[in-house]
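A.B. asks: What follows is a structure written as structure tokens; I'll ask about it next.
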Amino acid sequence: RGLHRRAVTALAFSPDGARVASAGADEDHALAVHEWGAGDAALVAAGKGGPRKVLALAFHAEGDRLMQVGLKHVTFWTLKGRQLNCTRGLIGSAGSLQNFPSCAFLGDSPVVGTGDGHIYVFEGITVGKSVKAHAGAVYALGPSAPG
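For the sequence shown, the working numbering begins at 244 and goes up steadily by one.
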């Protein structure tokens, strides 16, 4: 039952708790967004995540944007009604293409943890800044309230 036929590799709740996004371990690493409330979690939208395993998901504060990261990819999703549209993140010269085990939104800025211990701060869909944060991989990121 449901969209995913294999394991779920990543899960994220929208900030208001109204929706839940999941990424599957199927061939297309499908992304699904469900309403999260009383009763059955109704499917809102779904899309193909791509050929590479997804390791983390994060919702933007407004709940209409998502970020997906994993094995050598960063993908940004926009939810419009029942449709998900994706845009691939660009690493550029500010970083290096590698495994990305964590992600979060810091205000409007997408932030990604890297396998080599950096945190990449995106400007739009492109890495704008890279900060060395750890000797090993950055496996978890979480936003905090201002102040």
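No residue lacks a Cβ here, since even glycine has one placed at the ideal position from N, Cα and C.
#1: Measure the C-alpha to C-alpha separation of VAL263 and THR369 and round it to an integer number of angstroms.
#2: Quick check on DSSP: helix, strand or coil for SER352?
#3: According to DSSP, simplified to helix, strand and coil, what is GLY260?
#4: So which of MET310, THR321, LEU314 and GLY313 has the shortest CA-CA distance to VAL287?
#5: Grab me the residues of SER373's own chain with a C-beta within less than 6 Å of its C-beta, minus the 5 sequence neighbours each way, in chain order.
#6: Can you tell me which of ARG249, GLU278, ALA250 and GLY292 puts its alpha carbon nearest to the alpha carbon of GLY332?
#7: By the three-class DSSP mapping on this structure, what secondary structure does ALA383 have?
#8: Can the beta-carbon of ALA289 be found closer than 8 Å to that of ALA301?
#9: Measuring alpha carbon to alpha carbon, tell me which of GLY379, ASP271, GLY260 and ASP259 ends up nearest ALA250.
#10: I'd like to know whether the C-beta atoms of LYS315 and LEU349 end up nearer to each other than 8 Å.
#11: My guess is that ALA299 and ALA253 are in contact by the Cβ rule of under 8 Å, so how many angstroms apart are they, rounded?
#12: Note down the Cα distance separating GLY260 from HIS277, rounded to an integer number of angstroms.
C.D. replies: According to the data block:
#1: Position 20 of the sequence shown, counted from the first residue, corresponds to residue 263. Position 126 of the sequence shown, counted from the first residue, corresponds to residue 369. Answer to the nearest angstrom: the Cα atoms are 26 Å apart.
#2: Stepping through the sequence shown from its first residue, residue 352 is reached at position 109. Residue state, collapsed to three classes: strand.
#3: Indexing the sequence shown from 1 puts residue 260 at position 17. Of the three classes helix, strand and coil, the one that applies to GLY260 here is coil, per DSSP.
#4: The residue given as residue 287 occupies position 44 in the sequence shown. Out of MET310, THR321, LEU314 and GLY313, THR321 has the C-alpha closest to the C-alpha of VAL287.
#5: On the sequence shown, residue 373 is found 130 positions in, with the first residue counted as 1. So the list reads ALA337, GLY338, HIS361 and TYR363, once near-sequence residues are dropped.
#6: Counting from one through the sequence shown, the residue named residue 332 turns up at place 89. Checked all of ARG249, GLU278, ALA250 and GLY292; the closest Cα to GLY332 is GLY292.
#7: Along the sequence shown, one-based indexing puts residue 383 at 140. It is coil, neither helix nor strand.
#8: Residue mapping note: residue 289 aligns to position 46 of the sequence shown, counting from 1. Residue mapping note: residue 301 aligns to position 58 of the sequence shown, counting from 1. Their beta carbons are not under 8 Å apart, which means ALA289 does not touch ALA301 by this criterion.
#9: As a working mapping, residue 250 is identified with position 7 in the sequence shown. Nearest of GLY379, ASP271, GLY260 and ASP259 to ALA250, Cα basis: ASP271.
#10: The sequence position of residue 315 within the sequence shown is 72, counting from 1. The sequence position of residue 349 within the sequence shown is 106, counting from 1. The answer is no: Cβ separation not under 8 Å.
#11: Taking the first residue of the sequence shown as position 1, residue 299 is located at position 56. Taking the first residue of the sequence shown as position 1, residue 253 is located at position 10. Confirmed, about 5 Å.
#12: Position 17 of the sequence shown, counting from 1, holds the residue named residue 260. Position 34 of the sequence shown, counting from 1, holds the residue named residue 277. In a straight line, the C-alpha of GLY260 is about 11 Å away from that of HIS277.
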